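Notes for the one structure printed next.
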DNA sequence: CCAAAAGTGTTTGGAGTACACCCATGA
DNA sequence: TCATGGGTGTACTCCAAACACTTTTGG
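Residue numbers (the working numbering), protein chains in the order written: chain A, 1 to 242; chain B, 1 to 242.
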């Protein structure tokens, strides 16, 4: 039993999801990766992240790295898992606490793209550094699972949206068509969404109603953890500079 | 931004659940706590745990502290959450990766009871050290939530059991009566359980069939994480010294 | 024969799915 | 007036809950 002070390093990484408009018409699920500039795995792509500062919470660290690599604010943020396998880093021992986040698609346009930060299709990634392929795979599974029983899809959208846009989120993420009529009823019954009264004009057909998210409802059922850090990012405090 | 090596300490704790026979006839959900022998919170009860050794996985550390405090092996073990609030420890900065575990009730009898290790009713705990009340609350929520959509109830029982015993696990944990007929169909349809052919004799009524768990089925739907540590503890390798 | 729990059968209501069908707008 | 998606109505299926009922043991 090693009695000396543990040399285990602690890091926080984040899997950031967004929907990017695609030439095919339907958007695609993408996430940003950063190129490693030193060993191990130099030159390979990895999840954004870094060490945990003494003066910040875990979720704050996740938000910070998210902001640093993408210049975006998360619209949804949740802890994914703590990875601590012995062999996940070749030389040192690192435990990574991983978060996953949703950012709005229209903002992802304005996001940073550079030599060392690029967005990849979530379902078609290169070989990543460390165990990050497994981590992304798990984050994808959680995203898809949670989308089906929780109401987080609006995290991909802006302040207001049509039900068709919201439905498209489901179709792209879950990779299956969703019946428009049943989807409308499902969403309306959940009470998670409120009509703004305005309509989206300029369409070549009947103008659809615009909706806003019902902020008075807890969307991610995390039980008692709602008191904690996870809930803080649920309030949509985006620059309402009117 | 603190550039020096982070001084954040990493610990692993475990919430251990068991069903203990009770004088009222119906068992009760209990968990072991350890009394703190030094500051902070000296004298108060806390979750079993400790620092992470360099040569062990996170789940190994959880199993180890579980073994050290109760002399038991977990029949189910799953990561709960990583807690890293700034103020959760008064003086130093500690990030705790918490696991939750199920142990068999008949084994919990043989478990350690001492001055500094005691079992408490899960729904009626004293004020614990650190943020451990919140942690237990969350673990309880996860246990109850997971029991309803996953098949982990046998983790409270021995090798073989009757459906009435299994049903009692649900009734005690979920704190509500369960219809025997529907429960039987539900369990049989899930395929998670296999009749042994033997019957439990000595009852004042019709002798019930004994069942064994179907080990060829993955019980905890953790998606891609099944490859990882979480799955290792699912194999029931208890002393089959025949 | 009786009590009590094991085990089976039957009914029903609600939720999700499939799909037919009107509505409102731009061109 | 037509094409297109917005939005509504309706029938059907499946599963879970409720509950009546039969079976098998010990006393």
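Every residue gets a Cβ at the ideal spot worked out from N, C-alpha and C, and that includes glycine.
All values reported here derive from a predicted model rather than from experimental measurement.
- For residue 100 (chain B), the closest C-alpha among the options B:209, B:61, B:106 and B:114 is that of B:61.
- Taken in chain order, the members of the region 141–174 of chain A whose beta-carbon sits within less than 8 Å of a beta-carbon on chain B are 141, 142 and 145.
- Interface residue (Cβ-Cβ distance to chain A less than 9 Å): residue 52 (chain B) is classified as such.
- For a cut-off of 8 Å, the C-beta gap from residue 35 (chain A) to residue 45 (chain A) is around 6 Å, short enough to register as a contact.
- Neighbours of residue 97 (chain B) across chain A, judged by C-beta separation under 9 Å: 82, 84, 95 and 97.
- Residue 156 (chain B) is positioned such that its CB atom lies closer than 9 Å to that of residue 105 (chain B).
- At a cut-off of 9 Å between C-beta atoms, residue 224 (chain B) counts as an interface residue with respect to chain A.
- Distance from the CA atom of residue 7 (chain A) to the CA atom of residue 129 (chain B), rounded to whole angstroms, is 26 Å.
- Within the region 202–230 of chain A, the complete beta strand (DSSP E) segments of 3 residues or longer fall at 209–213, listed in chain order.
- The continuous beta strand (DSSP E) containing residue 49 (chain B) extends over residues 49–51.
- Proximity of the region 178–194 of chain A to the region 59–79 of chain A falls short of the contact definition, fewer than three beta-carbon pairs being nearer than 8 Å.
- For residue 181 (chain B), the enclosing alpha helix (DSSP H) begins and ends at 180–190.
- Under the DSSP definition of a beta bridge, residue 45 (chain A) partners with A:35.
- With a cutoff of 9 Å on beta-carbon distance, residue 134 (chain A) and residue 228 (chain B) are scored as near each other.
- The shortest CA-to-CA distance from residue 159 (chain A) to any of A:84, A:124, A:210 and A:142 is the one to A:210.
- Not a single CB atom of chain B sits nearer than 9 Å to the CB of residue 67 (chain A).
- Note on geometry: alpha-carbon atoms of residue 136 (chain A) and residue 15 (chain A) lie some 7 Å from one another.
- In summary, residue 217 (chain B) is exposed, with fewer than 16 beta-carbon neighbours lying within 10 Å of its beta-carbon over all protein chains present.
- Separation of residue 88 (chain B) and residue 152 (chain B) (C-alpha to C-alpha, rounded to the nearest whole angstrom) is 31 Å.
- When the five nearest sequence neighbours on each side are left out, the beta carbons in the same chain lying within less than 8 Å of the beta carbon of residue 12 (chain A) are those of 49, 50, 51, 52, 58, 61, 62, 65, 96, 97, 98 and 99, in order along the chain.
- Following the DSSP letters along the chain, one finds residue 14 (chain A) in no alpha helix (DSSP H) but inside the beta strand (DSSP E) bounded by residues 9–20.
- For residue 138 (chain A), the C-beta contacts it makes with chain B under 9 Å involve 222, 223, 224, 225 and 228, in order along the chain.
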